[in-house]
Amino acid sequence: MTDTHRIAGIAALLDIANLDTDQIMPKQFLRGIDKAGLDKGVLWDLRFDGEGRPRADFVLNRPEYAGTRVLVAGPNFGCGSSREHAVWGLQQYGIRAVIAPSFAEIFYSNAMNNGLLAVTLPETDIIELMKETTEGAAPMRVEIDVDVMIVRSPRMTRSFALSDRHRRMFLEGVDMIGATLAHKADIAAFAQRHWGQQPWVRDVARRTKQRLERR
Amino acid sequence: MTPKTLYRKLVDSHTVVTLDEQNVLLFCDLHLMNEYTSPQAFAGLLEQNREVAMPGQNVATVSHIIPTHPIQHRVIQDPASALQASNLKRNCELHNIPLFDTNDSLQGIEHVIAPEHGMIRPGMVVICGDSHTTTYGALGALGFGIGTSEVEHVLATQTLVYRLAQDMRIRVDGHLPIGTTSKDLILMIISRISAQGARGFVVEFCGSAVESLSIEARFTLCNMAVEAGARGALIAPDETAITYVLQRAPDIDASLRSRALARWATLRSDEHASFDVEHHFDAEDVAPYVSWGTSPDQSIPITGTIPHAEGSQRARIEHALHYTGLAGGMPLEGLPVDHVFIGSCTNARIEDLRTVAAVVKGRHVSPSLRAMVVPGSGAVKAQAEAEGIAQVLIDAGFEWRQPGCSMCLAMNDDVLAPGQRCASTTNRNFEGRQGRGAITHLMSPGMAAAAALTGYITDVRKLGGSND
Chain A
425 MTDTHRIAGI AALLDIANLD TDQIMPKQFL RGIDKAGLDK GVLWDLRFDG EGRPRADFVL
485 NRPEYAGTRV LVAGPNFGCG SSREHAVWGL QQYGIRAVIA PSFAEIFYSN AMNNGLLAVT
545 LPETDIIELM KETTEGAAPM RVEIDVDVMI VRSPRMTRSF ALSDRHRRMF LEGVDMIGAT
605 LAHKADIAAF AQRHWGQQPW VRDVARRTKQ RLERR
Chain B
5 MTPKTLYRKL VDSHTVVTLD EQNVLLFCDL HLMNEYTSPQ AFAGLLEQNR EVAMPGQNVA
65 TVSHIIPTHP IQHRVIQDPA SALQASNLKR NCELHNIPLF DTNDSLQGIE HVIAPEHGMI
125 RPGMVVICGD SHTTTYGALG ALGFGIGTSE VEHVLATQTL VYRLAQDMRI RVDGHLPIGT
185 TSKDLILMII SRISAQGARG FVVEFCGSAV ESLSIEARFT LCNMAVEAGA RGALIAPDET
245 AITYVLQRAP DIDASLRSRA LARWATLRSD EHASFDVEHH FDAEDVAPYV SWGTSPDQSI
305 PITGTIPHAE GSQRARIEHA LHYTGLAGGM PLEGLPVDHV FIGSCTNARI EDLRTVAAVV
365 KGRHVSPSLR AMVVPGSGAV KAQAEAEGIA QVLIDAGFEW RQPGCSMCLA MNDDVLAPGQ
425 RCASTTNRNF EGRQGRGAIT HLMSPGMAAA AALTGYITDV RKLGGSND
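Quick mapping for you: the protein sequence lines, in order, are chains A and B. Just so you know, the working numbering puts the end of the first sequence at 639, numbered straight through with nothing missing. Just so you know, the working numbering puts the end of the second sequence at 472, numbered straight through with nothing missing.
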């Protein structure tokens, strides 16, 4: 099994509902024009106090959690802002998968488009996983087999669902734009038909801006 | 034929190819961009040596990082932010994409400028690297937010691989009580269905209360549907919507008008169309709503009290109360605030500013706080100045600033200090959103105006003045 098919490592618990992308990647880290250095900003206010000192009690700061690969999180993970920086930052920090009862829609798409695995499990399973995470003396390790879509913890084995498209994207890293450009002729034909029916939407941005500039 | 929802009609009319059972290749009529979620997308195009497919269907504005100091010619002092702005300009020039640049007199928040200049038309699909793109449902256009990878995809193809959503209908009948607005209505709805109550759905709002809303009030309603997790929000375009659009779209002239009207008349859910989930609310139940916690669904009527940390939400409530420094059983009425912010894509349009002016006219902002108004766009600002509203606000002690997203997300230098409490007309009361350790109370413009005058959160209906 190659590396893209299997994710294994320490799982850290973030038992917070509606953990929004403002918290995952705060505003002060969104000023770049590239994707570099976002690992620094991940979960900043949770990881550091007001003076920028690490909070010793925060799970990811505990020495035994160094190299965490998986987050076990609360419902509606990644809600709020569409900023894809949240996904890039988690990946740069070393996170390969997030397991949660539910994900916000834009975050889910962003995660899949970047190969960050979002695993949805029923809330009861998440509660079990959370218990298991907190009960052991050492951090819990989990293993995720993307091929057969199974999550294993020391006490539990659960299967999860991924759409065929997302599974393939994850395993094969499909060039989405390249795949769509294979439909280039269909898109051009569609646009001609569409604009024939609704000429008022053609070039709507350019025509509006030109009109405003003439004023 | 199977009856269809408005949502399905919009998807079907934009489907280039059906990819599989869950996904279609969706044509996008208009793509809006800002300076901070687009740079990596343009860089990706360059890396792959790809062109922008249809530049005239794209438009950009500098909105999130722009300073709002009340000076004529704006200079972005922060070097990283200045680079984002100059980078956007360069990318737009390179690809022939229209841009509302930093010192364009019509610059503003993307979700304010696009509809006010007639770029949003019923039946369109509109996307943007910004979650509040749901706003455009107010005009019968399907709008939704996307990430930067998808921004790149749209630039290169003018389409998106689109995962179909389910259909939800939210009916609101009756009359909104005097002193309440669509902001109060949406906060009530979110507080009842939760921050993920509409996750996976496109919501169609309907009912007599929705029909009687102005278009700007509908923008507010659809804008915040995303705070309930919705992937989109829609209101079937009626005469009010069509009048709004035609007044702003002179290119839809006599030669096109009857065709456009005929097309737009089909933009409603068929009579027997089925929805996966339906909710029904009574507008009479709406009161001025204010958030007390750290998620928009943690909101209560000003006449109510903060819930106790108990039941299934105990841990969540405790966590939020710890952050906001409040306690279960407390009323919000009388809670002092340090700051009042009137702005954002939710509530910074001319009607919002008129409401604020009506409340504060002839009165003065409390000396205990700082109050600022950041209009949604250059056009809104100019109109408010022409109507004399700006002067009313300035005379009352508000700072009258330049347009931008400003303190809604505090990406520019409009940031609250730790522990500061803000009465805010924005859309998110997340931890740290307006500044690390700062506390946000979401409310309507009239309620924020009342807080500005008294220095504490209070029921605007007690102050008199007109607020509807």
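For every residue, glycine included, the Cβ atom is placed at its ideal position computed from N, Cα and C. Only a predicted model underlies this, so the values are computations on that prediction, with no experimental measurement involved.
Beta-carbon gap between Ala528(A) and Asn500(A) smaller than 7 Å: In the first sequence, the residue the question calls residue 528(A) occupies position 104. In the first sequence, the residue the question calls residue 500(A) occupies position 76. Yes, they are a contact pair.
Gly60(B) (DSSP reduced to helix, strand or coil): What you label residue 60(B) is simply residue 56 of the second sequence in a count that begins at 1. DSSP places Gly60(B) in helix when its eight states are reduced to three.
Asn100(B) classed as buried or exposed, judged by whether at least 16 other C-beta atoms fall within 10 angstroms: Sequence index remark: in the second sequence, residue 100(B) carries index 96 (1-based). Residue burial annotation: Asn100(B) is exposed, with fewer than 16 other C-beta atoms found within 10 angstroms of its C-beta.
Endpoints, beta strand (DSSP E) assigned at His77(B): Along the second sequence, read from residue 1 onward, the residue named residue 77(B) stands at position 73. Taken as a continuous stretch (DSSP letters only), His77(B) belongs to no beta strand (DSSP E), as it is neither H nor E.
Cβ-heavy atom distance, Arg635(A) to the ligand COA, below 6 Å: Of the ligands one can find in the structure shown there are none, so the ligand COA has no counterpart to examine.
Stretch-stretch touch, CB-based, cutoff 8 Å, three pairs: the segment 239-259 of chain B with the segment 105-115 of chain B: no
Cβ-based contacts, 9 Å cut-off: residues of the segment 494-509 of chain A near chain B: Gly498, Pro499, Asn500, Cys503, Gly504, Ser505, Ser506, Arg507, Glu508 and His509
Bounding residues of the alpha helix (DSSP H) (the contiguous stretch that carries Ile611(A)): If you number the first sequence from 1, residue 611(A) lands on position 187. That run of the alpha helix (DSSP H) goes Lys608 to Gln621.
Distance CB(Ser348(B))-CB(Ser195(B)) smaller than 7 Å: In the second sequence, counting from the first residue as 1, residue 348(B) sits at position 344. In the second sequence, counting from the first residue as 1, residue 195(B) sits at position 191. Contact flag unset, no.
Cα-Cα separation, Ile321(B) to Trp619(A): Sequence index remark: in the second sequence, residue 321(B) carries index 317 (1-based). Sequence index remark: in the first sequence, residue 619(A) carries index 195 (1-based). Their Cα atoms are separated by approximately 51 Å.
Straight-line Cα distance separating Ala456(B) from Asn351(B): Within the second sequence, residue 351(B) is the residue found at index 347, counting from 1. Within the second sequence, residue 456(B) is the residue found at index 452, counting from 1. Near 16 Å, if we compare the C-alpha coordinates of Ala456(B) and Asn351(B).
Within chain A, the residues that Arg94(B) reaches when beta carbons sit closer than 8 Å: Residue 94(B) sits at position 90 when you count from the first residue of the second sequence. Within chain A, no residue has its CB atom less than 8 Å from the CB of Arg94(B), the nearest being about 10 Å off.
Environment of Thr247(B) [buried if 16+ CB atoms lie within 10 Å]: What you label residue 247(B) is simply residue 243 of the second sequence in a count that begins at 1. Label assigned to Thr247(B): exposed.
Chain B contact residues for Ile550(A), given Cβ-Cβ distances below 9 Å: In the first sequence, residue 550(A) corresponds to position 126, counting from 1. The premise fails here: Ile550(A) is roughly 14 Å from chain B at the closest Cβ pair, so nothing lies under 9 Å.
Alpha carbon of Phe279(B) to alpha carbon of Leu189(B), nearest angstrom: The count along the second sequence starts at 1 and reaches residue 279(B) at position 275. The count along the second sequence starts at 1 and reaches residue 189(B) at position 185. Answer to the nearest angstrom: the Cα atoms are 21 Å apart.
Nearest residue (CA-CA) to Ser67(B), options Asp417(B), His312(B), Leu14(B) and His368(B): The count along the second sequence starts at 1 and reaches residue 67(B) at position 63. When C-alpha distances from Ser67(B) are compared across Asp417(B), His312(B), Leu14(B) and His368(B), the shortest belongs to Asp417(B).
Any C-beta of chain B under 7 Å from that of Ile607(A): Position 183 of the first sequence holds residue 607(A). The sequence as given places His at residue 607(A); Ile does not occur at that position. Cβ-Cβ to chain B under 7 Å: yes for His607(A).
DSSP bridge partner residues for Asp171(B) (one or two, in chain order): For the purposes of this step, residue 171(B) is taken as the residue at position 167 of the second sequence. Val206(B), per the DSSP bridge assignment.
Pairwise C-alpha distance: Gly236(B) and Ile519(A): Here residue 519(A) refers to the residue found at position 95 of the first sequence. Here residue 236(B) refers to the residue found at position 232 of the second sequence. Looking at the two C-alpha atoms, the distance is approximately 29 Å.
Of the residues Ile551(A), Arg493(A), Glu552(A) and Arg507(A), the one placed nearest Tyr532(A), counting alpha carbons only: In the first sequence, residue 532(A) corresponds to position 108, counting from 1. Checked all of Ile551(A), Arg493(A), Glu552(A) and Arg507(A); the closest Cα to Tyr532(A) is Arg507(A).
Any 3 or more C-beta pairs closer than 8 Å across the segment 224-231 of chain B and the segment 137-147 of chain B: yes
Under 8 Å from the C-beta of Met600(A): neighbouring residues of chain B: As a first step, residue 600(A) is located in the first sequence; it is residue number 176 there, counting from the start. For Met600(A), the neighbours in chain B by C-beta distance under 8 Å run, in chain order, Ser153, His157 and Val165.
Unbroken beta strand (DSSP E) run spanning Glu567(A), endpoints: Taking the first residue of the first sequence as 1, we reach residue 567(A) at position 143. Judged by DSSP secondary structure, Glu567(A) falls within the beta strand (DSSP E) whose first and last residues are Arg565 to Asp569.
Close beta carbons around Ala287(B), own chain, < 6 Å, minus the five adjacent residues each side: Start at 1 with the first residue of the second sequence, and residue 287(B) comes out as number 283. Within the same chain, Ala287(B) has close Cβ partners Val176, Gly178, His179, Leu180 and Ala213.
Beta-carbon contacts of Phe482(A) that lie in its chain and below 7 Å, excluding the five residues immediately before and after: Here residue 482(A) refers to the residue found at position 58 of the first sequence. So the qualifying residues of the chain are Leu470 and Arg471.
Chain A contacts from the segment 424-453 of chain B (Cβ-Cβ distance under 8 Å): Those would be Arg432, Phe434, Glu435, Gly436, Arg437, Arg440 and Gly441, in chain order.
Whether Ala160(B) touches Ala84(B) by CB criterion (7 Å): Here residue 160(B) corresponds to residue number 156 of the second sequence, with the count starting at 1. Here residue 84(B) corresponds to residue number 80 of the second sequence, with the count starting at 1. Not closer than 7 Å, so no.
Within chain B, the residues that Pro450(A) reaches when beta carbons sit closer than 7 Å: In the first sequence, the residue the question calls residue 450(A) occupies position 26. In chain order: Gly436.
Nearest-angstrom Cα separation, counted from Glu391(B) out to Ala452(B): What you label residue 452(B) is simply residue 448 of the second sequence in a count that begins at 1. What you label residue 391(B) is simply residue 387 of the second sequence in a count that begins at 1. In a straight line, the C-alpha of Ala452(B) is about 21 Å away from that of Glu391(B).
Residues bridged to Ile219(B) (per DSSP): As a first step, residue 219(B) is located in the second sequence; it is residue number 215 there, counting from the start. Paired residues: none, contrary to the question.
Distance CB(Leu413(B))-CB(Lys633(A)) smaller than 7 Å: Here residue 413(B) is taken as the residue at index 409 of the second sequence, counted from 1. Here residue 633(A) is taken as the residue at index 209 of the first sequence, counted from 1. The answer is no: Cβ separation not under 7 Å.
Pairwise C-alpha distance: Ile117(B) and Ala388(B): Taking the first residue of the second sequence as position 1, residue 388(B) is located at position 384. Taking the first residue of the second sequence as position 1, residue 117(B) is located at position 113. Ala388(B) and Ile117(B): Cα-Cα distance of roughly 15 Å.
One or two residues paired with Leu238(B) in a DSSP bridge: What you label residue 238(B) is simply residue 234 of the second sequence in a count that begins at 1. Paired residue(s): Glu208(B).
Whether Val566(A) touches Val494(A) by CB criterion (7 Å): The residue labelled residue 566(A) in the question sits at position 142 within the first sequence. The residue labelled residue 494(A) in the question sits at position 70 within the first sequence. In this structure, Val494(A) lies closer than 7 Å to Val566(A) by Cβ.
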